[in-house]
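**Q** Pasting a structure below so you can have a look.
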Amino acid sequence: MNPFRRTSLTGSGSAVPHWNCEQFHTTIGKLHEIGISVAMLKLRGKRVLTMIEVLDLSDGEITELLERVGYGHLACSRDRKPYVVPVHYAFRDGVVYIYTTEGKKTDIIAENPSVCLQVEEVADNRNWKSVIVEGTAQRLGPGDERDLALTSVVAVNPTLTPAVSIRWLDEWVRENIEVIYRIEPTATSGRRSLDRTGASTVVPQRKGNREIPN
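So this is what it looks like as structure tokens:
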């Protein structure tokens, strides 16, 4: 028996026409093409069609998320091999400051300073925001800007205070040396989910990266 024939699909309590299996999969495919994620849930004995549209964030929304979150994932690469690590950061006056320690990532960035920072805020799999920042990492030496960067990172990540006040040794008796990078964005993009379950109309939004002029 076709599981979708003569089965009413509902969204937020409103019924939609009975679909056969071919019609269902054709419709789902078209929704995916315009950036809408679709899932079938079974709630209280009824099949519910959920639709999640992916929208662009505005410049203001990108800035707000970067200023507020303070942690993300930094991607770098060497010899065509990507490497991604979690990092703490601060976003101040349009510049990203990364706090980390010496290790594999700093070795890679010394050879290839092109990096990408991904920042996200996830309430659940139907409610999330994500931002990508591309740029070139510059390691800061002692000076006013480095001091300002460290102060900014600690301000948005207060739990770092004990770590940045000392130098410590790990189990291999290697000194962990803190490193601050300055990243001036060359391009940014941001996405957020929009729960369209039960919506009568869906108008997809064009996606794209924002190039930042020099």
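As numbered in my numbering, the sequence shown has no gaps in its residue numbers, which increase by one up to the final residue, 1381. The beta-carbon is built from N, C-alpha and C at its ideal position, and this holds for glycine as well.
1) Mind checking Lys1272: buried by the 16 CB within 10 Å criterion, or exposed?
2) Quick check: the stretch 1221 to 1230 against the stretch 1308 to 1325, are at least 3 beta-carbon pairs closer than 8 Å?
3) My assumption, with CB atoms under 8 Å, is that Val1298 sits in contact with Leu1241. Please give the rounded CB distance.
4) Helix or strand or just coil, what does DSSP make of Arg1363?
5) For Thr1268, which option in Ile1276, Ser1319 and Gly1261 has the closest C-alpha, if you only look at C-alpha atoms?
6) For the stretch 1314 to 1325 and the stretch 1247 to 1257, state whether three or more C-beta atom pairs, one from each stretch, are separated by less than 8 Å.
7) To the nearest angstrom, how far is it from the Cα of Arg1247 to the Cα of Trp1295?
8) Would DSSP call Gly1239 helix, strand or coil?
9) Return the CA-CA distance between Val1262 and Pro1280, expressed in angstroms with no decimal places.
10) Look at the Cβ atom of Ala1304, then the Cβ atom of Ile1350, and state whether they are nearer than 8 Å.
11) Could you tell me the boundaries of the alpha helix (DSSP H) in which Leu1315 lies?
**A** Reading from the atomic positions:
1) Here residue 1272 refers to the residue found at position 105 of the sequence shown. A residue is called buried when at least 16 other Cβ atoms come within 10 angstroms of its Cβ; Lys1272 meets this threshold and is buried.
2) No, they do not touch.
3) Here residue 1298 is taken as the residue at index 131 of the sequence shown, counted from 1. Here residue 1241 is taken as the residue at index 74 of the sequence shown, counted from 1. Not quite, the Cβ-Cβ distance comes to about 13 Å (not below 8 Å), so this is no contact.
4) Reading the sequence shown from its first residue, position 196 is the one you call residue 1363. In the structure shown, Arg1363 sits in coil (DSSP, three-state: anything other than H, G, I, E or B).
5) Working through the sequence shown from its first residue, we reach residue 1268 at position 101. Out of Ile1276, Ser1319 and Gly1261, the CA that lies nearest to the CA of Thr1268 is found in Ile1276.
6) The stretch 1314 to 1325, when compared against the stretch 1247 to 1257, does touch it at the 8 Å Cβ threshold.
7) If you number the sequence shown from 1, residue 1247 lands on position 80. If you number the sequence shown from 1, residue 1295 lands on position 128. Cα to Cα, the separation comes out at about 30 Å.
8) The sequence position of residue 1239 within the sequence shown is 72, counting from 1. Gly1239 falls in the strand class under three-state DSSP.
9) Locating residue 1262 in the sequence shown gives position 95, counting from the first residue. Locating residue 1280 in the sequence shown gives position 113, counting from the first residue. Computed Cα separation, rounded: 15 Å.
10) Residue numbering aside, residue 1304 sits at position 137 when the sequence shown is read from its first letter. Residue numbering aside, residue 1350 sits at position 183 when the sequence shown is read from its first letter. Yes, these two residues count as a Cβ contact at 8 Å.
11) Here residue 1315 is taken as the residue at index 148 of the sequence shown, counted from 1. Note, Leu1315: alpha helix (DSSP H), Asp1311 to Val1323.
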